[in-house]
Amino acid sequence: MGKKEEDEIIRIAKKMDKMAQKKNGAGALDLLKELRSIPMTLELLQSTRIGMSVNAIRKQSTDDEVTSLAKALIKSWKKLLDEPGSGEKPSDEKRKEPTTPVSPSQGNNMSSFFSEPAEVSTNSLINTFPRAPRTSDSIRIKCRELLAAALQAGDDHIAIGADCDELGAQIEEDILYIENFKNTDPKYKSRVRSRISNLKDMKNPNLRRTVLCGSVTPERMAKMTAEEMASDELKEMRKNLTKEAVRDHQMATTGGTQTDLFTCGKCKGKCCTYTQVQTRSADEPMTTFVFCNDCGNRWKVCCLTGPPLTPFTSYVSAHITPALIESSTCCLAFKQLMPEC
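Everything in the sequence shown is counted per full-length UniProt numbering, starting at 1 for the first residue and increasing by one.
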């Protein structure tokens with residue numbers, strides 16, 4: 001029965017955490033009513049940490065009924081702190097209880113489930129890291145404060161129970177020493193600013209959550225590049241842009257015949273590649289698509305009717321004008337273009 005109740009409470013806690021993250025309290029009242037019907041014990045409070053989830057919903061909700069019911073639940077659960085042996089245990093188990101009493105630190109941890117966010121300072125994941133040494137440098141102190149504020153940008157630190165001040169200090173310490181900055185020079189400040197801007201970005205909550213829960217260590221956070229810190233949306237956009245650029249580059253160099261018979265109107269270069277396509281009916285002129293290999297300029301030329309033009313006929317069509325044909329020097333021009341004729 002105890003396992004079933006624990007699973008049910010964990011299910012409700014997960015739903016409440018999602019509501020708090022999305023700032024959507026729809027359905028919170030029904031979940032609170034479910035919690036009210038479940039017999040709560042000190043062990044269930046400790047194992048499920050349901051108090052933090054309920055407290056986050058209470059602070060966020062604008063519904064008076066939700067707020068009042070959450071307060072009533074928290075108030076009733078706080079009474080369990082004064083009665084550690086009030087669970088459903090036989091009398092012989094109660095006599096054995098002094099061998100494993102609830103320590104003061106456990107009591108403090110339970111109190112933190114219902115306290116203000118500033119008091120939520122104990123978290124097993126955060127405590128696994130060594131505490132950052134204190135510093136008297138005013139610039140470093142300010143950077144630590146800004147990093148801590150960035151970690152508090154959302155409500156995730158409340159649900160996770162992370163010590164943002166300590167995490168900010170650890171990240172700053174790693175930035176200074178792991179990256180071998182000699183002092184708080186512009187490079188150090190630039191590195192700190194990039195961490196702050198990415199952590200406080202409301203479009204990139206996953207980065208902040210992974211740091212708060214310990215999945216990304218302070219040391220790792222200090223070394224991450226801008227590409228690694230980017231949001232999933234931005235990473236996907238960069239990936240698509242890269243694919244598009246590669247595709248455009250491949251399209252620009254696929255097929256065609258290289259020639260110097262065309263002059264680019266943009267850069268005046270002659271290193272071009274052209275292809276001829278029948279874009280209209282068979283008795284209409286073919287269209288020549290020209291690509292400048294120097295500057296990337298593209299243009300098209302409508303050619304004479306008939307079979308595909310050779311480089312020579314392309315040159316003739318580009319240089320023999322009606323005025324030249326009517327002149328008496330027409331034959332001489334052909335001989336200049338094609339001496340073997």
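In this text, a Cβ means the ideal position worked out from N, Cα and C, and glycines have one as well. Only a predicted model underlies this, so the values are computations on that prediction, with no experimental measurement involved.
Under the three-state reduction of DSSP, Q276 is assigned to strand. Only residues of its own chain outside the window of five on either side were considered, and among them I196, L199 and K200 have a CB closer than 6 Å to the CB of A150, listed in chain order. Three or more beta-carbon pairs separated by less than 8 Å are not found between the stretch 236 to 247 and the stretch 205 to 213, which leaves the two stretches without contact. Looking only at D137, D63 and G168, the smallest Cα-Cα distance to D185 is reached by D137.
Two segments are said to touch when three or more pairs of C-beta atoms, one from each, lie closer than 8 Å; by this definition the stretch 215 to 232 does not touch the stretch 255 to 271.
Here DSSP, grouped into helix, strand and coil, assigns R298 to strand. Closest option to S190, judged by alpha-carbon separation, among I10, K22, T135 and E172: E172. For secondary structure counted as the alpha helix (DSSP H) over 4 or more consecutive residues, the stretch 220 to 265 holds these complete runs in sequence order: 226 to 229 and 232 to 253. Under the three-state reduction of DSSP output, V216 falls in the coil class, being neither helix nor strand.
Look at T210 here: in three-state DSSP terms it is helix. By the criterion of at least three beta-carbon pairs nearer than 8 Å, the stretch 153 to 164 is not in contact with the stretch 27 to 47. For C271, no alpha helix (DSSP H) encloses it, and the DSSP letter there is neither H nor E. Counted as a single uninterrupted DSSP element, the alpha helix (DSSP H) harbouring T67 occupies residues D64 to K78. With respect to the 8 Å criterion, T287 and C302 are classified as neighbours on the basis of their beta carbons. Excluding residues up to 5 positions away in sequence, Q258, D260, C292, N293 and D294 lie with their Cβ nearer than 8 Å to the Cβ of C271 in the same chain.
The DSSP-derived three-state label of C292 is strand. When rounded, the separation of the alpha-carbon atoms in R36 and Q21 is 23 Å.
Linking L81 to L42 through their CA atoms gives a straight-line distance of about 7 Å. An exposed status is given to E244, since fewer than 16 other beta-carbon atoms sit within 10 Å of its beta-carbon. The C-alpha of G168 lies about 33 Å from the C-alpha of A26.
Around L31, the same chain offers I12, K15 and M16 as residues with beta carbons nearer than 7 Å, after the five sequence neighbours per side are excluded. The C-beta of I139 has fewer than 16 other C-beta atoms within 10 Å across all chains shown, which makes the residue exposed. Residue environment: R298 is assigned as exposed (fewer than 16 neighbouring CB atoms within 10 Å of its CB, all protein chains considered).
With 16 or more other CB atoms across the displayed protein chains lying within 10 angstroms of its CB, A56 is buried. Inclusion of R58 and A72 in the CB contact set at 8 Å is not warranted, their separation being larger than that value. Rounded to the nearest whole angstrom, the CA to CA distance from G296 to T242 is 18 Å.
Under the DSSP assignment, I171 falls in the alpha helix (DSSP H) whose first and last residues are C164 to I178. Q152 and T62 have their C-alpha atoms some 21 Å from each other. For M224, the closest C-alpha among the options R209, N204 and I175 is that of I175. Residues of the same chain with a CB within less than 8 Å of the CB of V66, apart from the 5 flanking positions on each side, are G25, A28, L29, L32, I57 and R58 in chain order.
Minimum Cα-Cα distance from V277 among the listed residues K300, I178, D64 and R134 corresponds to K300.
In the three-state reduction of the DSSP assignment, T135 falls in the coil class, being assigned neither a helical nor a strand state.
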